[in-house]
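Chains as they are written, first to last, in the numbering used here: chain Z, 1 to 279; chain D, 1001 to 1279.
The block underneath contains the structure these notes are about, expressed in structure tokens.
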């Protein structure tokens, strides 16, 4: 498995960082992640744009422009020969002399087989719990998942699939996904503030505007509880229905009509991109 | 420079982690840090106890008990032959198969020359700014310094030496130090909640009880502004007077009497330990 490290392709076993790197010393770094369908990168322009935005916000220079970086990524995807891959682009605070001040960032790009949600996962849906928490610098895809990783035993204990964060009585996002609700009067609503703006979220918003009224605004816990449908969006999950929240059923407890229509549309979009590019 | 990595001493150039480590992937890890005086570890029992507490809280098992770990650290200090060293013990989330779930932790212990504050630094004092922020899992010494590292350019812009965090109108701590104030009626006060309980803080509290009334409780911003003296405590700084806050002088703008007495007592304590152990 090839990995791109700073300026060259290396074997996976050589994809190493010295312990003085600021990701290890201070959890300082950003990343982005997209997948390929039949070897075709999905929404990679959006992901790359977000990667550059995250890096700039954290004062971390990227030594390649977007054309050069894209070309490296394409070469990596070809070398890897994985049809359904997850491509991860990481940029750390670099080797720090005093273990506190950033230096020249380390860039790591990996391309690995990816596990994505199946039609069965969609049918089964998710059981979630809510948790009060606000991600730091939420619009940046930083590597800070201290809370999310720390809370994994709680998920297990509660036999839940995922955690939905809220703060000041408003929903924000899941640890690695965005949240949408369908209101009883059939509007699609998703939070706009204090979240990472997901690329799947963006595509779902775009697909939904043809179907119904769409609002980006704060959602209260009460609205969540009383929603007709709830679902999450993420790169590796596309769209997944949420059927239980803190042990209580959402709507009639079954996968909703809007969620299903959006899921079908998203699959069509994905297939059309893979088909268009690869033919 | 020797480094201890998991189960053996390696050269510094071999102190490497694979990029799948959860510190690099998700900023997940803990550490602790103490220094040596004339080769004698300072307050290392307290630091090791805190290290085990941090690790347990983050569900990260340490494969050595405290005796075995102490013995490794002593060997590392001897190998390093540095009279004034900083010893850092790090424990990460380990090599994660899915870049999200912790596995067997990686343990890294380094021993490097350390820069500590001088008598000149004490005379000059610190100019600080305040910033609204609450560290996540504050009583754990995790590697999450996203906010602290991100705010470094702000410090530079404001020509300040350090950032004092507050939340809900109460002070908590500096990014890497604890805060103390001396009130106009001559009490020594330091926050108790939502902070990392520093080892220097603990020693200063103990030294101060012989001198004056000591309180561990919330401190408001107003109390900070009206304090007679303000200082910070940290392993590499011992005690440093804060002489300016957001551009305004503290008290008469000079290093205070209580701060100076505590500093002298702390130096005595440090010297007595180094002398007792090394003779």
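Cβ atoms here follow ideal geometry from the backbone N, Cα and C, with glycine treated the same way.
Check	Outcome
Between residue 47 (chain Z) and residue 34 (chain Z), is the Cβ-Cβ spacing less than 8 Å?	yes
Do residue 1182 (chain D) and residue 1228 (chain D) have their C-beta atoms closer together than 8 Å?	yes
DSSP state of residue 959 (chain D), grouped into three classes?	With chain D covering only 1001 through 1279, there is no way to say anything about residue 959 (chain D).
Can you tell me which of Z:196, Z:165, Z:72, Z:142 puts its alpha carbon nearest to the alpha carbon of residue 41 (chain Z)?	Z:72
Got a sec, what are the start and stop residues for the alpha helix (DSSP H) residue 1131 (chain D) sits in?	Not the alpha helix (DSSP H): residue 1131 (chain D) falls in the beta strand (DSSP E), residues 1126–1132.
Exposed or buried, residue 1045 (chain D), counting other C-beta atoms within 10 Å across all chains shown (16 or more means buried)?	exposed
Any C-beta of chain Z sitting closer than 8 Å to the C-beta of residue 1177 (chain D)?	no
Quick one: any contact between the stretch 236–244 of chain Z and the stretch 256–263 of chain Z, if contact means 3 or more CB pairs under 8 Å?	yes
Strictly under 8 Å for the Cβ-Cβ distance: is residue 1279 (chain D) near chain Z by that measure?	Because the pLDDT of residue 1279 (chain D) is 49, which lies under 50, any placement of that residue in the model is unreliable, and the question is left without a value.
Taking 8 Å as the CB-CB cut-off, is residue 212 (chain Z) touching chain D?	no
Leaving aside the five residues before and after residue 1279 (chain D) along the sequence, list all residues of the same chain whose C-beta is less than 8 Å from its C-beta, in chain order.	Only weak support is given to the placement of residue 1279 (chain D): the predicted model assigns it a pLDDT of 49, under 50, and the value that follows is read from those uncertain coordinates. For residue 1279 (chain D), where only same-chain residues beyond five positions count, there are no Cβ hits under 8 Å.
Classify residue 1074 (chain D) as helix, strand or coil using the three-state DSSP reduction.	helix
Within 10 angstroms of its Cβ, does residue 1148 (chain D) collect 16 or more other Cβ (buried), or is it exposed?	buried
How do the stretch 142–162 of chain Z and the stretch 1091–1107 of chain D stand: do at least 3 beta-carbon pairs fall below 8 Å, yes or no?	yes
For the 8 Å Cβ check, are there 3 or more pairs between the stretch 1117–1137 of chain D and the stretch 1161–1177 of chain D?	yes
Thinking just about the alpha-carbon of each residue, which of Z:124, Z:50, Z:193, Z:43 is nearest to the one in residue 160 (chain Z)?	Z:124
Hey, is the stretch 242–256 of chain Z in contact with the stretch 194–203 of chain Z, meaning 3+ C-beta pairs nearer than 8 Å?	no
Alpha helix (DSSP H) containing residue 222 (chain Z): first to last residue?	221–225
Nearest to residue 1094 (chain D) by CA position, among Z:212, Z:180, Z:19, Z:187, is which residue?	Z:19
May I ask which residues mark the beginning and end of the beta strand (DSSP E) holding residue 8 (chain Z)?	8–11
Just checking, does the stretch 78–88 of chain Z make contact with the stretch 10–17 of chain Z on the three C-beta pairs under 8 Å criterion?	no
Compile a chain-ordered list of the residues in the stretch 70–96 of chain Z whose CB is closer than 8 Å to at least one CB of chain D.	88, 90, 92, 93
Between residue 1076 (chain D) and residue 1004 (chain D), is the Cβ-Cβ spacing less than 8 Å?	yes
Compute the Euclidean distance between the alpha carbons of residue 1108 (chain D) and residue 1067 (chain D), then round it to the nearest angstrom.	17 Å
If we call anything under 8 Å between Cβ atoms a contact, is residue 54 (chain Z) one with residue 142 (chain Z)?	yes
Hey, is residue 1027 (chain D)'s beta-carbon within less than 8 Å of any beta-carbon in chain Z?	yes
Have a look at residue 1269 (chain D) and residue 1192 (chain D) and give me their C-alpha separation to the nearest angstrom.	23 Å
To the nearest angstrom, how far is the alpha carbon of residue 943 (chain D) from that of residue 145 (chain Z)?	One cannot answer for residue 943 (chain D) here, as it falls past the ends of chain D, which runs 1001 to 1279.
Let me check understanding here. Comparing Cα to Cα, which of Z:61, Z:133, Z:140 lies closest to residue 167 (chain Z)?	Z:133
For residue 961 (chain D), write down the residues that DSSP places opposite it in a beta bridge.	No statement about residue 961 (chain D) is possible, as the shown extent of chain D runs from 1001 to 1279 and does not include it.
Would a check of beta-carbon distances place residue 1100 (chain D) closer than 8 Å to chain Z?	yes
Please name the residue, chosen from Z:164, Z:156, Z:37, Z:250, that lies closest to residue 111 (chain Z) on a Cα-to-Cα basis.	Z:37
Is the beta carbon of residue 29 (chain Z) closer than 8 Å to that of residue 69 (chain Z)?	no
Within a Cβ cutoff of 6 Å, which residues of the same chain sit near residue 60 (chain Z), ignoring the five residues on either side of it in sequence?	91, 105
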